[in-house]
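Numbering (this note's numbering), first residue to last: 498 to 840. Note that the Cβ used here is the ideal one computed from N, Cα and C, for glycine as well. Predicted model, so just to flag it, every value in this text is computed and none were measured.
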């Protein structure tokens, strides 16, 4: 049922109707936040179009489905930042920020070949929002002239791609799942106890993939809590100490750990968003439910307008980092504009 996917029933139903009616597209763009289930949906699409049962759902048991799941089917090709980095030195891989034209050209050389053993050749490109200009133009050419036996699936965290690329794809925007659905899935599929499931569901912001991974990664959860403690301590530290934090994050960013630094900002913003919700009288939607008392106490120490302005500043800082501004200046600017406590 539902292609073995938790949630996103509407997307599965839409694809099934397209298959049954013979209206499948030659290219799809699956978007949504990291950890929401985009990669699994793309994999299931590759399976359904090559499943030996030839129905509107993958059986997940036949030889083709199993080979696709294990990544060794000759008619399903995956690419992205991870595969691009696999062919270079670790130091060079860490500095890569974009998907380069060579990645797309490898597709172009392969896409004209007819299927070896399946019905359809499926090409899945992860991190599509990171295509650089040259690669985007090459991808556009591929989308304009695909062979009838090939399907392209672009997977991206957002739709910040060339408008002409987006217009040539059938866009499937995956939305966050309700918090209670995530908690129920953690209990049913991962055996998580209800209290911990509720906490992980709150932290997940509706990203079922993130929640399932976190359920089996206690070290990552501990790291998250330690990072939040570090961020909260910045408010009471002298500028020399807080600027040292900004310098460390800047070094990580320049060293290729852009995602890690952006995760710091996402975590920081989640805290201030919780303060905003409590200050505005909407506490039911907070993320850090395990720190409700701390949030309620802190929310009383700031003006509502100041909390809102800092939430906006955090969002702007993340956007500027993605636009390649100086990371240390962007982070230091945040620290200089931390709201002042009133009590």
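Would you give the residue range spanned by the alpha helix (DSSP H) that residue i belongs to?
{"i": "residue 822", "result": "Per DSSP, residue 822 belongs to no alpha helix (DSSP H) and is neither H nor E."}
{"i": "residue 740", "result": "736-751"}
{"i": "residue 602", "result": "598-608"}
{"i": "residue 513", "result": "506-517"}
{"i": "residue 554", "result": "Neither: residue 554 is in no alpha helix (DSSP H) and is coded neither H nor E."}
{"i": "residue 733", "result": "Per DSSP, residue 733 belongs to no alpha helix (DSSP H) and is neither H nor E."}
{"i": "residue 712", "result": "705-712"}
{"i": "residue 681", "result": "676-687"}
From which residue to which residue does the beta strand (DSSP E) around residue i run?
{"i": "residue 498", "result": "It is not in any beta strand (DSSP E) - residue 498 carries neither H nor E in the DSSP assignment."}
{"i": "residue 647", "result": "647-653"}
{"i": "residue 528", "result": "524-528"}
{"i": "residue 585", "result": "Run containing residue 585: none; DSSP gives neither H nor E here."}
{"i": "residue 758", "result": "Run containing residue 758: none in the beta strand (DSSP E); it sits in the alpha helix (DSSP H), 755-776."}
{"i": "residue 561", "result": "Looking at the DSSP string, residue 561 is not in any beta strand (DSSP E); the run it does join, the alpha helix (DSSP H), is 560-567."}
Below 8 Å on the Cβ atoms is my guess for residue i versus residue j; work out the distance and round it to an integer in Å.
{"i": "residue 659", "j": "residue 529", "result": "At roughly 19 Å, the Cβ-Cβ gap does not stay under 8 Å, so residue 659 and residue 529 are not in contact."}
{"i": "residue 619", "j": "residue 578", "result": "That belief does not hold up - the Cβ atoms of residue 619 and residue 578 are roughly 19 Å apart, past 8 Å."}
{"i": "residue 706", "j": "residue 568", "result": "Rounded, the Cβ-Cβ distance is 17 Å, inconsistent with contact."}
{"i": "residue 598", "j": "residue 631", "result": "4 Å"}
{"i": "residue 635", "j": "residue 602", "result": "6 Å"}
{"i": "residue 572", "j": "residue 617", "result": "7 Å"}
{"i": "residue 526", "j": "residue 610", "result": "Contact doesn't hold; Cβ gap of about 23 Å is too wide."}
Let me confirm a value: residue i is counted as buried when at least 16 other C-beta atoms fall within 10 Å, else exposed. Which label applies?
{"i": "residue 511", "result": "exposed"}
{"i": "residue 771", "result": "buried"}
{"i": "residue 726", "result": "exposed"}
{"i": "residue 676", "result": "buried"}
{"i": "residue 450", "result": "This structure leaves residue 450 out entirely; the chain is present only between 498 and 840."}
{"i": "residue 514", "result": "exposed"}
{"i": "residue 717", "result": "exposed"}
{"i": "residue 834", "result": "exposed"}
{"i": "residue 520", "result": "exposed"}
{"i": "residue 713", "result": "exposed"}
{"i": "residue 703", "result": "buried"}
{"i": "residue 679", "result": "buried"}
{"i": "residue 547", "result": "buried"}
Roughly how many angstroms lie between the CA atoms of residue i and residue j, to the nearest whole one?
{"i": "residue 839", "j": "residue 694", "result": "35 Å"}
{"i": "residue 608", "j": "residue 556", "result": "26 Å"}
{"i": "residue 837", "j": "residue 799", "result": "7 Å"}
{"i": "residue 746", "j": "residue 666", "result": "37 Å"}
{"i": "residue 536", "j": "residue 641", "result": "24 Å"}
{"i": "residue 629", "j": "residue 653", "result": "14 Å"}
{"i": "residue 517", "j": "residue 545", "result": "12 Å"}
{"i": "residue 753", "j": "residue 626", "result": "17 Å"}
{"i": "residue 768", "j": "residue 504", "result": "27 Å"}
{"i": "residue 656", "j": "residue 538", "result": "17 Å"}
{"i": "residue 674", "j": "residue 738", "result": "39 Å"}
{"i": "residue 740", "j": "residue 832", "result": "8 Å"}
{"i": "residue 742", "j": "residue 600", "result": "36 Å"}
{"i": "residue 730", "j": "residue 791", "result": "13 Å"}
{"i": "residue 614", "j": "residue 502", "result": "26 Å"}
{"i": "residue 763", "j": "residue 783", "result": "14 Å"}
{"i": "residue 524", "j": "residue 563", "result": "23 Å"}
{"i": "residue 638", "j": "residue 604", "result": "12 Å"}
{"i": "residue 735", "j": "residue 595", "result": "37 Å"}
{"i": "residue 685", "j": "residue 585", "result": "41 Å"}
{"i": "residue 722", "j": "residue 787", "result": "11 Å"}
Counting only the same chain and skipping the five closest in sequence on each side, list residues whose C-beta sits under 8 Å from that of residue i.
{"i": "residue 827", "result": "814, 817 and 818"}
{"i": "residue 719", "result": "none"}
{"i": "residue 711", "result": "697, 700, 701, 717 and 718"}
{"i": "residue 789", "result": "780 and 783"}
{"i": "residue 574", "result": "604, 607, 618, 619, 620 and 621"}
{"i": "residue 793", "result": "775 and 780"}
Answer with yes or no whether the minimum CB distance from residue i to chain E is below 8 Å.
{"i": "residue 788", "result": "The question asks about chain E, but that chain is absent: this structure has only one protein chain."}
Quick one: residues in its chain with C-beta nearer than 6 Å to the C-beta of residue i, no 5 flanking neighbours on either side, listed in chain order?
{"i": "residue 690", "result": "none"}
{"i": "residue 576", "result": "600 and 622"}
{"i": "residue 776", "result": "796, 801 and 804"}
{"i": "residue 570", "result": "564"}
Given residue i, which residues of its chain have a CB within under 7 Å of its CB, disregarding the five upstream and five downstream residues?
{"i": "residue 765", "result": "728 and 811"}
{"i": "residue 749", "result": "757 and 758"}
{"i": "residue 499", "result": "506 and 509"}
{"i": "residue 774", "result": "780, 782 and 783"}
{"i": "residue 806", "result": "none"}
{"i": "residue 646", "result": "611, 612, 617 and 618"}
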